[in-house]
Amino acid sequence: MRVSNRARNVTLKVNRSQGLVVVVPEQFDQAHIPDILASREVWIKNQLEKFQALPCKFEHDWPPSSVELPGVGVTFEINYVNVTGERIQLHQRDQQLEVGLPERFNNDNLAALFVRWLKTLAKSHCENIAAELSALTGLNYQKLTVRAQKTRWGSYSTRGTLSLNYKLMFLPQHLMRHVILHELSHSVHMNHSVDFWNLLETIDPGSKQHDSQLNDAWRYIPAWLD
Ligand SMILES: [Zn+2]
């Protein structure tokens, strides 16, 4: 229950993190609340059920026992150990990840730590692969940035900045390379003209098919990453 000096009426809200929230005006006689709740019982039940039916991002394989990154050909096994104190710790040794978990920890904090680690990892892998593909094709870029774009896998700016999404590492290798080759082709054609697709096809045979495979490639990304 929340007392609000701005509220004029009693309002009921249901959200995932808090469940049922009752907002009450400051001067309201709280003795009436049980009656109000009783009168809205059906609505409250329906709302709570609706939220429980939604898939939770931490439901499946959480905390993860491994992180598979087919795009860069690496799989990390994750070991969890208990630590004292309040900080979550993360150590990478070769292809092992050791995560130190305090007795009480927050799922969002753990997920955020994984994301930070993945971005750092993506930076070095993307640098290597982009340099390799650039040398192979003779298509250049001035600068590389690795980002957490919400809706796109990559982009190429008129200034020659190649931006890649760190989540590309979760895609099959041929799709990660396809995205980079697509963006590199923009160094010649800053559009999606026939010439653009012809160029892309010469350096990425099957490019149209790869392009359509990207449409549902978000399913390769673990739910806890968003
Ligand atoms: Zn494009």
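Numbering (this note's numbering), first residue to last: 317 to 542.
The C-beta atom is built at its ideal place from N, Cα and C for all residues, glycine as well.
- With a cutoff of 8 Å on beta-carbon distance, residue 489 and residue 387 are scored as near each other.
- If you ignore the 5 residues before and after residue 339, its C-beta comes within less than 6 Å of the C-beta of 318, 320, 323 and 327, all in its own chain and listed in chain order.
- Closest by C-alpha distance to residue 329, out of 354, 343, 341 and 363, is 363.
- In terms of side-chain proximity, the C-beta atom of residue 498 is found nearer than 7 Å to a non-hydrogen atom of ligand 1.
- In the three-state reduction of the DSSP assignment, residue 466 falls in the coil class, being assigned neither a helical nor a strand state.
- Residue 523 counts as buried, since at least 16 other C-beta atoms from the protein chains shown sit within 10 angstroms of its C-beta.
- Where residue 423 is concerned, the enclosing alpha helix (DSSP H) starts and stops at 423–453.
- By the C-beta density criterion, residue 481 is buried, having at least 16 other C-beta atoms within 10 angstroms.
- Around residue 529, the same chain offers 491 as residues with beta carbons nearer than 7 Å, after the five sequence neighbours per side are excluded.
- When secondary structure is reduced to three states using DSSP, residue 516 falls in the helix class.
- Out of 375, 532 and 360, the CA that lies nearest to the CA of residue 424 is found in 375.
- If you draw a 10 Å sphere on the C-beta of residue 383, you find 16 or more other C-beta atoms in it, and that means buried.
- Ligand 1 has no heavy atom closer than 7 Å to the beta-carbon of residue 526.
- Annotated as distal: residue 460 and residue 497, with beta-carbon spacing of 8 Å or more.
- Contact annotation: residue 406 and residue 429 have beta-carbon atoms nearer than 8 Å.
- Relative to ligand 1, residue 508 has its C-beta within less than 7 Å of a heavy atom.
- The secondary-structure analysis by DSSP pairs residue 386 with nothing; it has no beta-bridge partner.
- Residue 421 is positioned such that its CB atom lies closer than 8 Å to that of residue 404.
- Linking residue 510 to residue 516 through their CA atoms gives a straight-line distance of about 10 Å.
- Here residue 348 is exposed: its Cβ has fewer than 16 other Cβ atoms, across all protein chains shown, within 10 Å.
- According to the DSSP assignment, residue 479 belongs to the beta strand (DSSP E) that extends over 477–481.
- Residue environment: residue 493 is assigned as buried (16 or more neighbouring CB atoms within 10 Å of its CB, all protein chains considered).
- The C-alpha of residue 437 is placed about 11 Å away from the C-alpha of residue 444.
- Note: residue 394 is bridge-paired with 413 in the DSSP secondary-structure output.
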